[in-house]
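Participant: In the working numbering, the protein residues as written are 11 to 195.
Below is one structure. I have some questions about it.
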């Protein structure tokens, strides 16, 4: 009985460790301008600081105006520590959306968007349908896939876990010496 309960406990612990490692992705810590900010002067760049160092080769940032048009004036650059800086050119007052998908050095990812306004004097409203669609398109344009070797190794690991759990579950429990019937003549 304990063997089956032990196998079930092992399975639950394994499943929870996989789930916790998948959720330990990290994310955006701060931005400059801050999310929801109403800045009076147009910034020359947007800076995003993450919980771990981003890998720019596998990452992407898009800064969009209220019409959904990109306004970056150059490529994203690695700033100090865990910061990514994107130069922008703001032609007129309005609301801007920053969409990002960052691959982090710890193996996690950070995906999201934020909005701020420039020269309007008020915080940005919720994005229009055009901006929501442009944001979704910007994030979808940069997708990662699992390389075939990693997918194969994940499959083999999962298969090995299933086999071990099946063997633990199907194994006949042994009798302890105190459980054996008395064999006196």
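Glycine is no exception: its CB is placed at the ideal position from the N, C-alpha and C atoms.
Bear in mind that the values here come from a model prediction, so they are computed numbers and not experimental data.
(1) Is the beta carbon of residue 96 sitting closer than 8 Å to the one on residue 128?
(2) Express the C-alpha separation of residue 130 and residue 39 in angstroms, rounding to a whole number.
(3) Please state the DSSP three-state secondary structure of residue 99.
(4) Express the C-alpha separation of residue 108 and residue 123 in angstroms, rounding to a whole number.
(5) Beta carbon of residue 53, beta carbon of residue 94: below 8 Å?
(6) Would you list, in sequence order, the uninterrupted alpha helix (DSSP H) runs of no fewer than 4 residues that lie entirely inside the segment 73-126?
(7) Taking just the CA atoms, how far does residue 171 sit from residue 146?
(8) Please state if the CB of residue 133 and the CB of residue 48 are separated by a distance shorter than 8 Å.
(9) Let me confirm a value: residue 105 is counted as buried when at least 16 other C-beta atoms fall within 10 Å, else exposed. Which label applies?
(10) Look at the Cβ atom of residue 142, then the Cβ atom of residue 45, and state whether they are nearer than 8 Å.
(11) From the DSSP output, in three-state form, read off residue 136 for me.
Facilitator: The structure says:
(1) no
(2) 25 Å
(3) coil
(4) 5 Å
(5) no
(6) none
(7) 37 Å
(8) yes
(9) buried
(10) no
(11) coil
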